[in-house]
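Following the working numbering, the numbering of the sequence shown begins with 646 at its first residue and continues without gaps.
All remarks here apply to the structure that follows.
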Amino acid sequence: MTALPTRKLEAYRYADIDALASVWSELSAPERVEIAAQQRLQQIWLPSGDEVDVRRVEMVLEPGAAARIFVLNNATRYGRVELDVTLHEGADFALYGANIGGGNSTLEIVTTARHIAPGATSHQTIRSVLGDKATGSFLGKIEVAREGQQTDAEQSVKAMLLDRGATANAKPELEIFADDVKCAHGATVGELDRNQLFYAAARGLDPVSARALLLEGFIAGLWDEIDGDDQGIADMARKALKQVAA
Numbered sequence: 646m647t648a649l650p651t652r653k654l655e656a657y658r659y660a661d662i663d664a665l666a667s668v669w670s671e672l673s674a675p676e677r678v679e680i681a682a683q684q685r686l687q688q689i690w691l692p693s694g695d696e697v698d699v700r701r702v703e704m705v706l707e708p709g710a711a712a713r714i715f716v717l718n719n720a721t722r723y724g725r726v727e728l729d730v731t732l733h734e735g736a737d738f739a740l741y742g743a744n745i746g747g748g749n750s751t752l753e754i755v756t757t758a759r760h761i762a763p764g765a766t767s768h769q770t771i772r773s774v775l776g777d778k779a780t781g782s783f784l785g786k787i788e789v790a791r792e793g794q795q796t797d798a799e800q801s802v803k804a805m806l807l808d809r810g811a812t813a814n815a816k817p818e819l820e821i822f823a824d825d826v827k828c829a830h831g832a833t834v835g836e837l838d839r840n841q842l843f844y845a846a847a848r849g850l851d852p853v854s855a856r857a858l859l860l861e862g863f864i865a866g867l868w869d870e871i872d873g874d875d876q877g878i879a880d881m882a883r884k885a886l887k888q889v890a891a
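Here you go:
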């Protein structure tokens, strides 16, 4: 492994360097995933259960390949997901990720989508729910080469802060060298609607259950595109939300 990174590096601007140092020597090179032409991949990435949880992946989508990645990031101290994706002609990539944390946890999703050929699409949807003094970050870069004409790429980033000490960071980035593309990004940070909380309380829900219900609605759409049973990630996310809402 190379030297431990510092916050001077853009990809580690918000990282918990001390937590990263505790596992840095054990980290291997990023896992490499290659998806053959016209093939389809779906993966659900669940937390390991360790207080420091780092996952690093380099993914290549050959012409016409498709990938759907679903991520739940809620390590109790530091969770980081790094994903570097290269898209060839007509490839289709989608990422649906959630940072859910409380206490002093730091949670990051860091992505680079490289469009190096025509007609590829990439769509990233990230939701963060943060309580206490937790920090949740998304750093996402879309690179479109000159050969990446007809690229369709977008990032949607939303965060919900439950306490004044919680922090959300969003840094979407576009680097485009082609002139026939459709690229967009949006980021919002907010808090739970008090009127909705009052309505839930009026229907007999206690405050914690009311917050958990509204938060579940905030992230529920992330799992809609899963082919097959999504109960594993949905149940783990629901449990994490109840803990944060308490």
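All residues carry an ideal CB built from backbone N, CA and C; glycine is no exception.
Asked, Found
"Those residues which DSSP pairs with A829 across a bridge", "E799"
"R725 beta carbon less than 9 Å from that of V699", "yes"
"Whether V889 touches V716 by CB criterion (9 Å)", "no"
"Opposing strand residues paired with G785 [DSSP bridges]", "T756 and P817"
"C-beta atoms of K734 and A765 nearer than 9 Å", "Sequence inspection shows Glu at residue 734; the Lys mentioned does not correspond to that position. In contact: E734 and A765 (Cβ atoms closer than 9 Å)."
"Residue from Q795, N744 and H760 whose Cα sits closest to the Cα of T780", "N744"
"Test item: CB-CB of L784 and A656 under 9 Å", "yes"
"When Y844, L686, L807 and Q794 are compared against E870, the one with the closest alpha-carbon", "L686"
"Short Cβ contact (9 Å threshold) for E753 with A832", "no"
"L886 beta carbon less than 9 Å from that of A857", "yes"
"Burial state of T731 (16 or more Cβ within 10 Å)", "buried"
"9 Å Cβ cutoff met for D777 and A804", "no"
"Those runs of the beta strand (DSSP E) which lie wholly inside the region 676-712 and span at least 3 residues", "676-680, 685-690 and 697-706"
"Under 9 Å between C-beta atoms of R707 and A739", "The residue you asked about is not Arg; residue 707 is Glu in the sequence shown. Their beta carbons are not under 9 Å apart, which means E707 does not touch A739 by this criterion."
"For E727 and Q800, the rounded distance between their alpha carbons", "16 Å"
"Sheet register partners of Y723 (DSSP bridge)", "V697 and T751"
"Short Cβ contact (9 Å threshold) for R759 with A711", "no"
"Close-in-space but distant-in-sequence residues of the same chain around Y741 (CB under 6 Å, 5 per side omitted)", "F715, T770 and L867"
"F843 in three-state terms, based on DSSP", "helix"
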